[in-house]
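Colleague: Here it is, the structure, as structure tokens.
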Amino acid sequence: ENVAVDVGAQFIHGKEKNILYEICEQLNCISDDSNNMENGVLVILSDGTELDSEIMQKAKLVWDDIAEEAQAKFGDTTIPAHYSLADYLQKHLKERLSSSLSCSDNIIDGLIDYFSSIELIENGCLSLSDLSLI
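Residue numbering for the sequence shown follows UniProt numbering, beginning at 1 and increasing consecutively.
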């Protein structure tokens with residue numbers, strides 16, 4: 001009860017004696033493979049509603065712009081040597097998402113966590129602070 005569970009981009013394998021299936025079934029958050037997810041991401045909010053796919057698409061565009069800007073900073077000797085991707089994201093991402101989307105701070109924070117997690121996985125690191133922009 002009252003616990004957030006992030007199952008990521010996973011499939012539920014098996015219905016019988018599968019606690020995850022039972023929980024998802026109770027929460028009505030099971031989507032079959034035939035659902036057309038435009039961007040490959042289905043976001044189910046804590047109240048059981050789906051996040052509008054248009055919001056996710058706009059958030060992805062903002063993320064892509066920010067990531068491209070951060071990449072352009074690589075090798076820039078005018079920024080401090082300890083300036084990391086985490087620093088850059090902290091400074092720019094929330095502000096940009098907030099101005100581009102009409103969502104609550106909780107949803108914005110969830111989107112930031114989502115994009116940050118993807119970046120961690122793609123870079124094989126434990127913290128975005130480990131990724132220097134120099």
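Even glycine gets a Cβ: it sits at the ideal position worked out from N, Cα and C.
Bear in mind the structure is a predicted one, so any value in this text is a computation, not a measurement.
Run through DSSP, which three-state label would SER132 get?
Modeller: Strand.
Colleague: For ILE66, count neighbouring C-beta atoms within 10 Å of its own C-beta (all shown protein chains included) and say buried if the count is 16 or more, exposed if not.
Modeller: Classification of ILE66: buried, given that the 10 Å Cβ count is 16 or more.
Colleague: Count the other CB atoms, across all protein chains shown, that sit within 10 Å of the CB of ILE23; report buried if there are 16 or more and exposed otherwise.
Modeller: Per the 10 Å Cβ criterion, exposed.
Colleague: Give the straight-line distance between the Cα atoms of ALA70 and GLN26, rounded to the nearest whole angstrom.
Modeller: The straight-line gap from Cα to Cα measures roughly 41 Å.
Colleague: In three-state terms, what does DSSP make of GLU68?
Modeller: Residue state, collapsed to three classes: helix.
Colleague: If the criterion is Cβ atoms closer than 8 Å, does the pair LEU133 and TYR88 meet it?
Modeller: Yes, Cβ-Cβ distance for LEU133 and TYR88 is below 8 Å.
Colleague: What does DSSP give as the partner residues of GLU50 in its beta bridges?
Modeller: Per DSSP, ILE44.
Colleague: Tell me the rounded alpha-carbon separation between ALA59 and TYR21.
Modeller: Cα-Cα distance, rounded: 29 Å.
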